[in-house]
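To keep things clear, I will list the structure first and then write my remarks on it.
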Amino acid sequence: MTTGSRESTPATSAPLTRTDMAQRVAADIPAGAYVNLGIGLPTSIANFLTLDQEVILHTENGMLGMGPEAHGAEIDLDLMNAGKISVTELAGASYFHHSDSFGMMRGGHLDIAVLGAFQVSVNGDLANWHTGVPGSIPAVGGAMDLAVGAKKIFVMMELTTKSGQSKLVESLSYPVTGLRCVTRIYTEVATFDLVPDTGISVTKLFGSATVASLRELTALPIIDATHQTSRQTPTEG
Amino acid sequence: MTTGSRESTPATSAPLTRTDMAQRVAADIPAGAYVNLGIGLPTSIANFLTLDQEVILHTENGMLGMGPEAHGAEIDLDLMNAGKISVTELAGASYFHHSDSFGMMRGGHLDIAVLGAFQVSVNGDLANWHTGVPGSIPAVGGAMDLAVGAKKIFVMMELTTKSGQSKLVESLSYPVTGLRCVTRIYTEVATFDLVPDTGISVTKLFGSATVASLRELTALPIIDATHQTSRQTPTEG
Amino acid sequence: MVSKIVDSIDEAVADIPSGATVMIGGFGRAGQPVELIDGLIRHGARDLTIVNNNAGNGEVGLALLIKGGYVRKMICSFPRQVDSHIFDEAYRAGKIELELVPQGNLAERIRAAGAGIGGFFTPTGYGTLLAEGKESRIIDDRGYVFESPLHAEFALIKAYKADRWGNLVYRKTARNFGPIMATAAVTTIAQVGQIVPLGTLDAEHVVTPGIFVNRVVQTPNEANA
Amino acid sequence: MVSKIVDSIDEAVADIPSGATVMIGGFGRAGQPVELIDGLIRHGARDLTIVNNNAGNGEVGLALLIKGGYVRKMICSFPRQVDSHIFDEAYRAGKIELELVPQGNLAERIRAAGAGIGGFFTPTGYGTLLAEGKESRIIDDRGYVFESPLHAEFALIKAYKADRWGNLVYRKTARNFGPIMATAAVTTIAQVGQIVPLGTLDAEHVVTPGIFVNRVVQTPNEANA
Numbered sequence: 421m422t423t424g425s426r427e428s429t430p431a432t433s434a435p436l437t438r439t440d441m442a443q444r445v446a447a448d449i450p451a452g453a454y455v456n457l458g459i460g461l462p463t464s465i466a467n468f469l470t471l472d473q474e475v476i477l478h479t480e481n482g483m484l485g486m487g488p489e490a491h492g493a494e495i496d497l498d499l500m501n502a503g504k505i506s507v508t509e510l511a512g513a514s515y516f517h518h519s520d521s522f523g524m525m526r527g528g529h530l531d532i533a534v535l536g537a538f539q540v541s542v543n544g545d546l547a548n549w550h551t552g553v554p555g556s557i558p559a560v561g562g563a564m565d566l567a568v569g570a571k572k573i574f575v576m577m578e579l580t581t582k583s584g585q586s587k588l589v590e591s592l593s594y595p596v597t598g599l600r601c602v603t604r605i606y607t608e609v610a611t612f613d614l615v616p617d618t619g620i621s622v623t624k625l626f627g628s629a630t631v632a633s634l635r636e637l638t639a640l641p642i643i644d645a646t647h648q649t650s651r652q653t654p655t656e657g
Numbered sequence: 421m422t423t424g425s426r427e428s429t430p431a432t433s434a435p436l437t438r439t440d441m442a443q444r445v446a447a448d449i450p451a452g453a454y455v456n457l458g459i460g461l462p463t464s465i466a467n468f469l470t471l472d473q474e475v476i477l478h479t480e481n482g483m484l485g486m487g488p489e490a491h492g493a494e495i496d497l498d499l500m501n502a503g504k505i506s507v508t509e510l511a512g513a514s515y516f517h518h519s520d521s522f523g524m525m526r527g528g529h530l531d532i533a534v535l536g537a538f539q540v541s542v543n544g545d546l547a548n549w550h551t552g553v554p555g556s557i558p559a560v561g562g563a564m565d566l567a568v569g570a571k572k573i574f575v576m577m578e579l580t581t582k583s584g585q586s587k588l589v590e591s592l593s594y595p596v597t598g599l600r601c602v603t604r605i606y607t608e609v610a611t612f613d614l615v616p617d618t619g620i621s622v623t624k625l626f627g628s629a630t631v632a633s634l635r636e637l638t639a640l641p642i643i644d645a646t647h648q649t650s651r652q653t654p655t656e657g
Numbered sequence: 193m194v195s196k197i198v199d200s201i202d203e204a205v206a207d208i209p210s211g212a213t214v215m216i217g218g219f220g221r222a223g224q225p226v227e228l229i230d231g232l233i234r235h236g237a238r239d240l241t242i243v244n245n246n247a248g249n250g251e252v253g254l255a256l257l258i259k260g261g262y263v264r265k266m267i268c269s270f271p272r273q274v275d276s277h278i279f280d281e282a283y284r285a286g287k288i289e290l291e292l293v294p295q296g297n298l299a300e301r302i303r304a305a306g307a308g309i310g311g312f313f314t315p316t317g318y319g320t321l322l323a324e325g326k327e328s329r330i331i332d333d334r335g336y337v338f339e340s341p342l343h344a345e346f347a348l349i350k351a352y353k354a355d356r357w358g359n360l361v362y363r364k365t366a367r368n369f370g371p372i373m374a375t376a377a378v379t380t381i382a383q384v385g386q387i388v389p390l391g392t393l394d395a396e397h398v399v400t401p402g403i404f405v406n407r408v409v410q411t412p413n414e415a416n417a
Numbered sequence: 193m194v195s196k197i198v199d200s201i202d203e204a205v206a207d208i209p210s211g212a213t214v215m216i217g218g219f220g221r222a223g224q225p226v227e228l229i230d231g232l233i234r235h236g237a238r239d240l241t242i243v244n245n246n247a248g249n250g251e252v253g254l255a256l257l258i259k260g261g262y263v264r265k266m267i268c269s270f271p272r273q274v275d276s277h278i279f280d281e282a283y284r285a286g287k288i289e290l291e292l293v294p295q296g297n298l299a300e301r302i303r304a305a306g307a308g309i310g311g312f313f314t315p316t317g318y319g320t321l322l323a324e325g326k327e328s329r330i331i332d333d334r335g336y337v338f339e340s341p342l343h344a345e346f347a348l349i350k351a352y353k354a355d356r357w358g359n360l361v362y363r364k365t366a367r368n369f370g371p372i373m374a375t376a377a378v379t380t381i382a383q384v385g386q387i388v389p390l391g392t393l394d395a396e397h398v399v400t401p402g403i404f405v406n407r408v409v410q411t412p413n414e415a416n417a
C-alpha cells in the first residue's frame, strides 16, 4: 500500500446518502454470509440484499434466516427482530433461545455484524452503547456481544458529529463497547479498512473528500488505498 | 432419633436378594420424581417402578421419559440408555443434546440418582469410578456429574466386599467420585441414611443383621433409627 | 398421575413472596407472560428483583408492575426504549435500582445457574464500564470478564403449548429467554396458549423438558399465538 | 445459491491434515458417523487427536481408526467397555495417549468452545484425581474446578436429515454430542440419512442451525435411521 501524499480523485461527485451507504454495504456482503444487522441505520441494508446473494440474517432474539419486514396480514406478534420490528421467516430459517443465540455470536460464528457507532478509534475500538452524558439511562442490549463475537465488524456511520467533529478518532472519548473489533467503516464520504498492526486506510472516496481532507479532519495518518479498491472489493455496487 | 445401644429385632428373616433391593428402592421413589438409574445394579430398579408412580427416568445420553428395555421389533439403534442397552420411549418423553443433559444433572434438577459404589464414607463421600488398581484403564463417564448433581444420591450396593470388608467406611481408600453427596444407602442387610452434621443411621434391618453387628462390621457409630422407619418411608414395599 | 396444570393465574403466583427474585421471559412483548404479570400485580408481592431483557414497554405487563411500585430492582440489558417511560420515570425518581448486564452475559448467567456452573469467563464487556470491579483474565491473548450465575426463586414464562408433565414448545422469536429462565428458577411457572394430551408433543420437538417446569396455566388464545 | 452438500464421503474429509484435532459424534454406536470415519481411514491422516465420549466399540468406526494407528491421543470420558479391546490393547501397549474427562465436563468444554466462553468453574470432579493440577475455587461454600474450552479443527457428526443450508435434525438418543461438536469445530462435516429441500425442516424443529455446519454428505439409509 502507498503511504505517500499523492491526492486521489474523488470516486463520485456527491457524498453518499444513507440509502447509498446501505446499498454499498449490501453489495460488499459475500453470498451466503451469516450477518447480523444492528439496530438503526444498519437495518436498512436488508433492503438491498439480493435473493441471489442468499445472505442469511441473524437476529439476536433467536433466529437465523430472517426475512424482510412484515406488513399487514404478515405481521405476527411472536416474530420480531432485535429492534422489535415485525419481520418474516425465510425457507431455511431456524429458531433458538437466547443462550444459544448469544453463544452463536460470542463463539465467532457470524461472518459479519454491521453496527452503528458514536465513535471508532484508529485501532478499531468501538463506542456505540452509551453517550456518557450524566443522567442518561444506560442500555447496552447485545452491542457488546456483537462487538466481540462476529468475525468482521463493519461500522456504518456519518463521519462527523452534528457539530463537525470526526467520529473516527485517535482514541475514544465515549465509553467503549468493544476493543480492537472494527474492521471496516462505511461513511458518507469514504470507506476505511482497519488492519491490526498496519493501520487505517481509505479504500473509497465520495463527494469532495480527498485523502488529504480526511487526514486533516481526523488528524490520523490515513493510508491511501483507493487504487487497490477494485481488487479488494470485487463486488462493489 | 435414638442413639442408645438397645438392640433392634431384624425386620425380615433373610438378607435381601438383589431383586428385593431393587424392589425396595423402587418403592421408596416418590411418584412423579425425576430419577437417573446408574449403570449396573441400579438399572434393574426400573423393572419395579409402577405405572401409577409415573417416575420420569433420565438417561444422561439425552433423554427424559425413558421406557423399559426394548425387545425384538422395538429395538431402535438410535435409542439406547447410558449403559448402551436398547430402551423405549414413553409418552411425554423428550430428547436433548449432551450439554443440555449434563446441565440438567449438574444444575440439580434430578430428584434422585441411584448409583452403585465401591465404597461410601460416613460423611457421604462416594467412590464408584476407579478401583485404583495399577494398570487398570480408567473410565469415568457420567459418574462424577451424577454425584454432584442430583438432589439426592442413593447408593445401592452389597455391604461387604467379597473378602468381607465393609464398603461403608470411615474414609475412602478408593479414588473419590464426589464428596459429601450420598444421602441413603441400600444394602442387602440394612438401609442407611446419611444426614450432614448428624451422622449415619440405620433405618431398616434384614436377615440376621443387628445395629450392633453393623457397628462392629463398619466400626462406625451408627445411630439406630429402625423404629422411625414407618414414619420416614411411608411407601415402603 | 403427574400433573403440573393449575387452574388459574392467581393460584399459579399465589406463593411468590415479597423480596423474591423473579425472572420474567420475553423480549419486548414477544414471549412476555402478561397474564402472569397481571396476576403478580393482583397478588401484591413487593420489593421484587425482576430479571428481564427490558424494563417494560408501554403500559402493559412488566411496565405496570413497575408502575405499581412492586419492583425494587431491575436486572436487564436494555431498559431504555421508545415506550419505556414508566421505567424511565421510576429510575429518574430514584425509585428503582438498575443492574445493567450485556444481553449475552445476562443469557449466559441465567444458563449457568440452570446448568450448575459456578461462574465463567466471557469476552463480552471486557475493558468496558460494565466490567469495572469485576475479575478479569487474559486467556490465549484475549481479555475475559468473570461473570456469576444468576438464580431466581421464580420464573414466569410464556410458551405456546404444554402437556401435563410440563413439556413446552414455543412459537418463533417468543422463545427467547423462556427455555433458560425455566432452568434457573426454583419454581418455574409457564402460561401457555394450549394444553395438549401427554404424548402429543413430539419428543424430538420439545424445547423445555418438563423437569424444568413446576406449574402450567392456560391463558386465552391470542390471535397470533 | 448456498449449498453445503458435497458428493462423497471422500471429498468431505479430503482436507483433514495429519495432527488435527477431530471431534467425532456418537455415544456408543448411536450417532457415530461410521461412514465418515471409514473415509478418514481411507484418507490416511495420522497423529490425530480424537474427541469422543468413548474410545471405540468392537471392530467398527472409531475402533478401526485406532486399530489403524491413526490416533495419537483420545480425549474421552469412558474408554473402557465390554467391546473396547482395540483401544485397550493400544493403550496398554503405550501406543495411544488418554485424556480422561468426566462426561459432563467434556460436554461443557465442547459447548464452551462453541459459545466463546474462555473457561468455567464446574463442581464435577472437585476433590477427585481428575481435578489434580487444576485450578479450583470455593464459590458459595461449594468446591469447583476450572475447565477450559475444547476446540477442534474438524467435527464429524451424524444427523438424520439436512437441507442445503446445513440445518440438521437428529433422531432420538443419536443426537448426543452432535449439536455441541458442530459448534466447537472450525469445519463441521455432517453425514445424514436424508437431504431434504430447503424449507422442509420446520424452523421450530431445527436442532443445529446451518451456521454451524460446513459440509453435508448423504449416506445410504439405514434400517433404523
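Protein chains in written order, with the working numbering: chain A, 421 to 657; chain B, 421 to 657; chain C, 193 to 417; chain D, 193 to 417.
Don't be surprised by glycine CBs; every beta carbon is placed ideally from N, CA and C.
{"Check": "Does the stretch 286 to 300 of chain D come into contact with the stretch 265 to 276 of chain D, if we say contact requires no fewer than three beta-carbon pairs (one atom in each stretch) closer than 8 Å?", "Outcome": "yes"}
{"Check": "Suppose the cutoff is 7 Å on Cβ atoms and the five residues either side in sequence are ignored; what does the same chain contact list for residue 306 (chain C) look like?", "Outcome": "372, 375, 376"}
{"Check": "Measuring only the C-alpha atoms, how far is residue 234 (chain D) from residue 394 (chain D)?", "Outcome": "36 Å"}
{"Check": "Enumerate in chain order the residues of its own chain whose CB-to-CB distance from residue 403 (chain D) is below 6 Å, with the five nearest sequence positions on each side excluded.", "Outcome": "none"}
{"Check": "Does the separation of the CB atoms of residue 561 (chain B) and residue 460 (chain B) fall below 7 Å?", "Outcome": "no"}
{"Check": "Using the Cα positions of residue 241 (chain D) and residue 463 (chain B), report the straight-line distance between them to the nearest angstrom.", "Outcome": "33 Å"}
{"Check": "Residue 515 (chain B) touches chain D at which residues, Cβ-Cβ below 7 Å?", "Outcome": "364, 365, 367"}
{"Check": "Residue 458 (chain A) and residue 534 (chain A) look like a contact to me (Cβ under 8 Å); what is the Cβ gap, rounded to whole Å?", "Outcome": "6 Å"}
{"Check": "Does the distance from the CB of residue 366 (chain C) to the CB of residue 498 (chain A) come in under 7 Å?", "Outcome": "yes"}
{"Check": "Against residue 557 (chain B), what residues of chain D qualify as contacts under a CB-to-CB distance less than 7 Å, listed in chain order?", "Outcome": "271, 272, 280, 283"}
{"Check": "How long is the line joining the alpha carbons of residue 194 (chain D) and residue 303 (chain D), rounded to whole angstroms?", "Outcome": "26 Å"}
{"Check": "Measure from the alpha carbon of residue 357 (chain C) to the alpha carbon of each residue in B:493, B:510, B:446, B:567, then state which is nearest.", "Outcome": "B:510"}
{"Check": "Against chain B, which members of the stretch 213 to 226 of chain D pass a CB distance test of less than 8 Å?", "Outcome": "219, 220, 221, 222, 223"}
{"Check": "Look at the Cβ atom of residue 313 (chain C), then the Cβ atom of residue 336 (chain C), and state whether they are nearer than 7 Å.", "Outcome": "yes"}
{"Check": "Check whether the Cβ of residue 481 (chain A) lies closer than 7 Å to any Cβ atom in chain C.", "Outcome": "yes"}
{"Check": "In this structure, how does DSSP classify residue 346 (chain C) when only helix, strand and coil are distinguished?", "Outcome": "strand"}
{"Check": "Return no unless some Cβ of chain D is closer than 7 Å to the Cβ of residue 511 (chain A).", "Outcome": "yes"}
{"Check": "Is it a yes or a no for the stretch 320 to 335 of chain D touching the stretch 210 to 218 of chain D, going by three-plus beta-carbon pairs under 8 Å?", "Outcome": "no"}
{"Check": "Please decide whether residue 313 (chain D) counts as near chain C, where near means a Cβ-Cβ distance under 7 Å.", "Outcome": "yes"}
{"Check": "Between residue 526 (chain B) and chain C, is there a C-beta pair that is closer than 7 Å?", "Outcome": "yes"}
{"Check": "Taking the alpha-carbon of residue 472 (chain A) as reference, which of A:451, A:479, A:492, A:487 has the nearest alpha-carbon?", "Outcome": "A:451"}
{"Check": "I need the straight-line Cα distance from residue 488 (chain B) to residue 467 (chain B), nearest angstrom please.", "Outcome": "7 Å"}
{"Check": "I believe residue 626 (chain A) touches residue 469 (chain A) by the beta-carbon criterion, under 8 Å. Please report the beta-carbon distance rounded to the nearest angstrom.", "Outcome": "Rounded, the Cβ-Cβ distance is 21 Å, inconsistent with contact."}
{"Check": "Relative to the C-alpha of residue 636 (chain A), which candidate in A:559, A:586, A:615 has its C-alpha closest?", "Outcome": "A:586"}
{"Check": "What did DSSP end up calling residue 353 (chain D) once you bin it into helix, strand or coil?", "Outcome": "strand"}
{"Check": "If you measure from the beta carbon of residue 562 (chain A) to each beta carbon in chain C, is any gap under 7 Å?", "Outcome": "yes"}
{"Check": "Rounded to the nearest angstrom, what separates residue 653 (chain A) and residue 448 (chain A) at their Cα positions?", "Outcome": "Here residue 653 (chain A) scores only 42 on pLDDT, less than 50, and its place in the model should not be relied on; the value that follows carries that caveat. Whole-angstrom Cα-Cα distance: 7 Å."}
{"Check": "Suppose only complete runs of 3+ residues qualify. What are the beta strand (DSSP E) ranges in the stretch 554 to 635 of chain A, listed by chain order?", "Outcome": "572 to 576, 602 to 606, 610 to 615, 619 to 625"}
{"Check": "So, is the C-beta of residue 396 (chain C) closer than 7 Å to a C-beta in chain B?", "Outcome": "yes"}
{"Check": "Below 8 Å on C-beta distance, what does residue 403 (chain C) contact in chain B?", "Outcome": "454, 476, 478, 484, 524, 529, 530"}
{"Check": "Excluding the 5 residues flanking residue 564 (chain A) on each side, which residues of the same chain have their C-beta closer than 8 Å to its C-beta?", "Outcome": "549, 597, 598"}
{"Check": "Pull up the distance between the alpha-carbon of residue 553 (chain B) and that of residue 523 (chain B), whole angstroms please.", "Outcome": "31 Å"}
{"Check": "Please list the terminal residues of the continuous alpha helix (DSSP H) segment that includes residue 371 (chain D).", "Outcome": "370 to 376"}
{"Check": "When the cut-off is 7 Å and only beta carbons count, does residue 330 (chain D) lie next to chain B?", "Outcome": "no"}
{"Check": "In three-state terms, what does DSSP make of residue 511 (chain A)?", "Outcome": "strand"}
{"Check": "Select from the stretch 564 to 578 of chain B all residues with a C-beta closer than 8 Å to any C-beta belonging to chain C, and list them in chain order.", "Outcome": "568, 569"}
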